[in-house]
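Numbering (UniProt numbering), first residue to last: 1 to 212.
Right, one structure below, let's go through it.
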């Protein structure tokens, strides 16, 4: 009789465990479910799990829902909305919109940004200080300027601009990865998107020429 008590106690424990999770577990002569086995093993090392099992109505635990963690910012080449806003408030940023001028005119841009399309970035960054001021009416960013920031609609074109700038010696330049779309979402501005698929793929189709 003494040997039966641990088994009954374990069975009772299994029933309580299952009931607490909205399931029913009954004794049989087959293997118990993994959930019951795990808890019974902790409560009674002398009780074989073959003394009871779960009916078909007792299903395995549902998989734990997983969520994709937010992408980490590479602070060496990227910045997020919060840092962008901080630089704007401080007035210490050279923000360059590398979208095509037509896209900027039709869909808007971040206030205070200068529009230099991606296809012209390489030439523009090689201008002399005097020519830069004459062309853009602003001081040219220094080679060591960490606050030279590029942005586009999303991360692709601005990432290409950073690559070009780094090759030309602007090793500390970065890009706002969220771009115009993220800026609109964070500030509540209306976001208009082009319906022209060719226009959407413009930078992808012409990517290589910007590095020549």
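Ideal Cβ placement from N, Cα and C applies to all residues, glycine included.
Predicted model only: the values in this text are computed from it and were never measured.
List the residues that DSSP assigns as beta-bridge partners of residue i.
i, result
"residue 150", "96 and 175"
"residue 115", "97"
"residue 78", "175"
Assuming the contact rule is C-beta atoms closer than 8 Å, residue i and residue j should be a hit. Round their C-beta distance to whole Å, please.
i, j, result
"residue 170", "residue 191", "Wrong, their Cβ atoms sit about 29 Å apart, outside the cutoff."
"residue 179", "residue 152", "5 Å"
"residue 174", "residue 78", "6 Å"
"residue 168", "residue 125", "5 Å"
"residue 97", "residue 115", "5 Å"
For residue i, which residues of its own chain have a beta-carbon under 6 Å away from its beta-carbon, when the five flanking residues on both sides are left out?
i, result
"residue 140", "129 and 132"
"residue 184", "191"
"residue 84", "176"
"residue 29", "Note on residue 29: pLDDT 43, under 50, position unreliable in the model; no value is reported."
Go through its chain and collect everything with a Cβ distance to residue i's Cβ below 7 Å, but skip five positions before and after it.
i, result
"residue 88", "112"
"residue 193", "none"
"residue 181", "153, 154 and 191"
Terminal residues of the continuous alpha helix (DSSP H) containing residue i?
i, result
"residue 88", "81-90"
"residue 130", "129-136"
"residue 141", "Per DSSP, residue 141 belongs to no alpha helix (DSSP H) and is neither H nor E."
Give a yes or no on whether the minimum CB-CB distance between residue i and chain C is below 8 Å.
i, result
"residue 125", "Absent from the structure: chain C. Only one protein chain is present."
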